[in-house]
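Here is the structure we will look at, set down as structure tokens.
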Amino acid sequence: MNASDSKRALMISPEEIQKRVSEMGQEISGKFAGKDPIFIGVLNGSFMFMADLLRAISIDCEMDFIKVRSYVGFILV
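Everything in the sequence shown is counted per our numbering, starting at 46 for the first residue and increasing by one.
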């Protein structure tokens, strides 16, 4: 294995990720039962994760997305 191969090595398997997303869905469902939570994802990177997470949640909830952008040279005061 060379240096460029190590950058591409799989750190967490898709099965491990799906298992944890399912666990998170169960935890969220228990903690927010009866509360109708709203989940907000930051586009574009969260879209697939949010879809998987909401499929794992068994309570009523809402989902929305925001898109943010940074500006070069912009200083927040």
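Backbone N, C-alpha and C define an ideal beta-carbon position, used for all residues, glycine too.
Contact belief for residue i with residue j at Cβ below 8 Å, rounded distance in angstroms
i: glycine 70; j: alanine 101; result: 3 Å
Other residues of its chain near residue i: CB distance less than 8 Å, five sequence neighbours each side excluded
i: serine 67; result: Ala101
i: methionine 95; result: Phe84, Gly86, Met108 and Phe110
Euclidean distance between Cα positions of residue i and residue j
i: aspartate 105; j: serine 115; result: 33 Å
i: serine 74; j: proline 82; result: 10 Å
i: isoleucine 57; j: valine 117; result: 34 Å
i: leucine 55; j: aspartate 97; result: 20 Å
i: serine 103; j: glycine 90; result: 23 Å
i: phenylalanine 65; j: phenylalanine 92; result: Here residue 65 turns out to be arginine, not phenylalanine, going by the sequence shown. Cα to Cα, the separation comes out at about 17 Å.
i: phenylalanine 77; j: glutamine 63; result: 21 Å
i: glutamate 72; j: arginine 53; result: 31 Å
Per DSSP, the bridge partner or partners of residue i
i: isoleucine 111; result: Val87
Sequence-distant residues of its chain with Cβ nearer than 6 Å to residue i (five each side left out)
i: leucine 88; result: Phe110 and Lys112
i: leucine 99; result: Met108
**Asked** Hey, which unbroken runs of the beta strand (DSSP E) at 3 residues or more fall wholly within the stretch 47-96?
**Response** Fully enclosed beta strand (DSSP E) runs of 3 or longer: 83-88.
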